[in-house]
Each structure stands twice: as structure tokens, then as C-alpha cells.
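Counting from 1, one number per residue, gives the positions in the sequence shown under our numbering.
Glycine is no exception: its CB is placed at the ideal position from the N, C-alpha and C atoms.
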Amino acid sequence: MSRPRPVSPPPRVGLISLGCAKALVDSERLATRLAAEGYRFAASLGQADVVLITTCGFLDSAREESLAAIEEAASTGRPVVVTGCLGSEAELIRSRCPEVAAVTGPEAVDEVLAAVHRLAPKPHDPLLDLVPPQGLRFTPKHYAYLKIAEGCDRRCSFCIIPKLRGRQRSRSAASVLAEAERLVQAGVRELLVIAQDTAAYGSDLRYAESRLRGRPLRAHIVDLARALGELGVWVRLHYLYPYPLLDRLVELMAEGVVLPYLDVPLQHASPRILRAMRRPAQSARMLDRIRRWRAICPELAIRSTFIVGFPGESEEDFQLLLDWLCEAQLDRVGCFVYEDVAGAAANRLSGHVPEEVKEERRARLMELQARISREKLKARIGREEEVLVDRVEDGAAYARSYAESPEIDGFIRIRPAARLQPGLRLRVRITAATTHDLDAEPLSAAPDPAS
Ligand code: SF4
């Protein structure tokens, strides 16, 4: 059987590589990724749909050569993307050549590719492309994790992620938003925003602006959350270290821009233990903040995680944590037993807690939280809520509201489930509650603003 040909030929990239061997390797990596995606390369600037220039900024003569190449490429009227060492001096480049379409620094492969995708989109050919435009995902079709940064600049004593993954490196806001748009176009109805330290997003970029279709967007979590909220799908923010700017995110939640779900890992409540963990130690002030957040956004669901049996944790410290949880009335809680991790600073602390004591403390904490959770879920009986269906099996649909994140929180079981399917948003009435889950009956299918 003959194979139909693609409707239009793939775009051609004009690639100019200047500078040292490191810049050459960057160019090779970019060329490899572009070729794997199906782009072709232009033999001359005149044949290119987009021009990509890897620059050098070391010596004055090399900078001048790079600027001259940028000017020559721009004079052809083709969109020009500049990367490499001189790309760190975006202002200089734009002052010499304002028509440049995108500028990134060195080793910004994802940003460069996002710019090429935007300026010369490659038509998706389902017969030839091995990878769909939104990429390969292991989550169900209707929700997706959106990673906005890698690495972490904090130094919590029990954690080796900064050693393993390095300092924080945020993606540009334009590249994050472009990926989010592709996911929504592919049918995603809930975006779960993640990073090691989500609220610190953009600090390593000094919150630099990037542009998507000419629209400037600051690499700041508040601006990014607002932009994602405009896509018309659920946006859920995970792993928010308790910085002061969380207050501003809670305001966005109250406005309905993102889901009123605050995942804020607090780890402990005893100031002594928090100091040993190298975490913010004002637990009493944290209770005030929680009260204030609930005043700003009364429907707020708060999730947190805690570590018990940290070195030096006395029965008094642990009791302080239990008392704090009684006061805080968090909606969802995860609890880990402390373990030494090779390379973590906490290993060297004195006062390691015996294993059986750690386990007993975890059981006590989870028992207390189960009572809190049961009461909180019982209070939802009779309420009407909007939910997103995850799966349908054995005559029931399993769904979640804004208050439940997939995999880590409970579910809402809907019966009857006739005509319900994964990815559908609908209104339900809560009819019963257990310790972690809810039962509900369907009311009506909610209009899906993203469809
Ligand atoms: S626990 Fe989180 S915030 Fe602390 S160092 Fe590890 S990744 Fe960073």
C-alpha cells in the first residue's frame, strides 16, 4: 500500500554556528533535536524559514562577528533566534538589531526549541511523527504535570536534591506557557504545576521577561499562574515552600484564577526541629498565616507533609506537632518517617530516634489526622461540587474536586455513572464520607471552557 505524503514540507532552519567548541556542541545538540523533530536545514539564508545563530561573546572581535552575523540574517526578513554566550546580553543585541525574534543565553536548548516551534511551526504528520506535538506522557489524557524548573537553591538538612540536581534552573515563562497551550490543545483539562521549589520559580532568571507571540511574560510564579489560569483549565500548584508570596497566590485562588488548593510542605511544627531541618521556624506565625489565607479564600484546601522521628525530636517536640495539627485543621496530610539519606547533613546530627519510636509517632500522627480528615469530609456532605472524572469502572466513576490532587489525595465515587467518562467535568452532590474519600450523585455535566 502506498503511503500518503505529508501535506506541506517541513520548515527549514538556517543554522549559523560561531564561537568555540562548547558553542559548536550546543549547535550540534540543537541540530540533533531539530532533525529528530523533522526539521530540515537550509543551505543558504535565502532558503530558511527561521535562522538560528549560536554566538560567541568572549573577545571584542568575536562579539562584533556575532553581531554582524545577526544583522545580516535579520536583513533577509527571516525571523532570527539568537543563542550562545552573547545571548546573555539581550539588551545589546536588541539595541543593534531590534527585529531579532528571540534571544536566549547559552545551554537554553528548550527555550531555543520553543522559539523555533513558535516561529516556524512544523505541521504534525501523524503518519511520520513518532511523537505527538504535546510530547509523550505517562498520565491519563486529561491531566498533565507541567515542570517549570529543575534543581533547588535551598539547603534543607534532610535533603540531597540540591546535590543531585544542582541549583535552580527555571524555564522561561514563554516556554512553559507554550507547553501548557500544547497540552490543553491535546485535551488536558488539569495542569499540575511542579518544581522542587515552585514558589521560587524565576528567581534564578531574576524574573526575566520572555515573549510568546509578542506578549511579554515575567518568569514569576504569580504572573505565570495568572497566565496559565487564562487557558480555561484547572491549574493546581504543588510544592509551595512557605514564602511570604504565598499570600499573593492565595489571592489568585480566591479570584478563581487557579484552584484553591495549597500544597505547602511544612515538615514539622517544633521551632527547634525546624531549625535543625534548616526550615522556617515560626510555627505560631504559620498558624496566623493559615487563618489569614482562610479569611482571604474560605474554600481553600491545604495539603502538607511532615517528617517524624527527625534526629533530636523529643516526645515534647512531637506533642507540639500534634497540638499544632489540631489547631491547623489541614485538609490533607502526608507523613514520612525520617531516614538517613547518604550525603545529607542531618545524618551527622545527634539524637537519632529509635525505629520503633518513629513508627509509633507516625501511627499517632496519622490517627489524629484521620479524625480531622473524617470531620472535614463529613462537613462536605450535601454540598454541590464541580469534579473531574479520572476513571470509570464497575458502574462507578472516580473523580476529584479542586480539593483532591491525583494519586496523593482521596477520590469522589459517583453513582450512577452512566454517560460519565474520563476527562468530563460535571457537578455532583456529595452524599457520604469516609476517612479519606467521598460518595456523590451526578447533577449536570459542567460546561467545559477549554473545549
Ligand atoms: S526539601 Fe525541597 S526545598 Fe528543601 S532542599 Fe530539598 S528540594 Fe529544596
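- Between the segment 36-47 and the segment 81-98, the count of C-beta pairs closer than 8 Å stays below three; the two stretches do not touch.
- Here the alpha carbons of residue 367 and residue 292 stand approximately 27 Å from one another.
- Using a Cβ-Cβ distance cut-off of 8 Å, the segment 13-22 and the segment 60-76 are in contact, since at least three pairs of beta carbons, one from each stretch, lie closer than that value.
- Annotation for residue 167 indicates a beta carbon at 7 Å or more from all heavy atoms of the ligand SF4.
- In its chain, beyond the 5 residues on either side, 17 have a beta carbon closer than 7 Å to the beta carbon of residue 24.
- Judged by DSSP secondary structure, residue 272 falls outside any beta strand (DSSP E) and instead within the alpha helix (DSSP H) spanning 271-277.
- With the rule of 3 Cβ pairs closer than 8 Å, the segment 335-355 does not count as touching the segment 372-392.
- Taking the Cα positions, residue 275 is about 23 Å away from residue 329.
- Pairing residue 382 with residue 433, the inter-Cα distance amounts to about 10 Å.
- Residue pairing by DSSP places residue 55 opposite 84 in a beta bridge.
- In this structure, DSSP gives residue 32 a helical state, which the three-state scheme calls helix.
- Runs of the beta strand (DSSP E) lying entirely within the segment 295-330 and spanning at least 3 residues, in chain order: 301-308.
- Ranked by Cα distance from residue 196, the first of 265, 277, 186 is 265.
- Here residue 410 is near residue 438, since their CB atoms are less than 8 Å apart.
- In the DSSP assignment, residue 47 is bridged to no other residue.
- Looking at the DSSP output, residue 192 shares a beta bridge with 145, 236.
- Boundaries of the beta strand (DSSP E) harbouring residue 14: 12-17, taken from the DSSP string.
- A distance criterion of 7 Å places the beta-carbon of residue 197 in contact range of the ligand SF4, judged by its closest non-hydrogen atom.
- Taken through DSSP and simplified to helix, strand or coil, residue 210 comes out as strand.
- In the DSSP secondary-structure assignment, residue 412 is bridged to 399, 438.
- Unbroken alpha helix (DSSP H) stretches of 4 residues or longer found wholly inside the segment 342-380: 355-378, given in chain order.
- Taking a contact as a CB-CB distance under 8 Å, the pair residue 201 and residue 219 counts as one, their CB atoms being some 7 Å apart.
- Per the Cβ contact rule, the segment 318-329 is in contact with the segment 269-289 (3 or more Cβ pairs under 8 Å).
- The beta carbon of residue 311 sits no closer than 7 Å to any heavy atom of the ligand SF4.
- If you draw a 10 Å sphere on the C-beta of residue 158, you find 16 or more other C-beta atoms in it, and that means buried.
- Taking C-beta separations shorter than 6 Å and ignoring five residues to either side along the sequence, residue 77 has no partners in its chain.
- In this structure, residue 27 lies away from residue 111, with their beta-carbon atoms at least 8 Å apart.
- Per the C-alpha coordinates, the member of 267, 232, 148, 278 positioned closest to residue 257 is 232.
- Shortest gap from the CB of residue 280 to any heavy atom of the ligand SF4: 7 Å or more.
- Taking 7 Å as the cut-off, one finds at least one heavy atom of the ligand SF4 near enough to the beta carbon of residue 152.
- A check of alpha carbon separations from residue 412 across 424, 436, 419 identifies 436 as the nearest.
- In the same chain as residue 49, and ignoring 5 residues on each side of it, the C-beta atoms closer than 6 Å to its own belong to 11, 12, 120, in chain order.
- For residue 93, the uninterrupted alpha helix (DSSP H) run begins and ends at 90-96, by DSSP.
- As a beta-bridge residue in DSSP terms, residue 216 pairs with 211.
- Residue environment: residue 332 is assigned as buried (16 or more neighbouring CB atoms within 10 Å of its CB, all protein chains considered).
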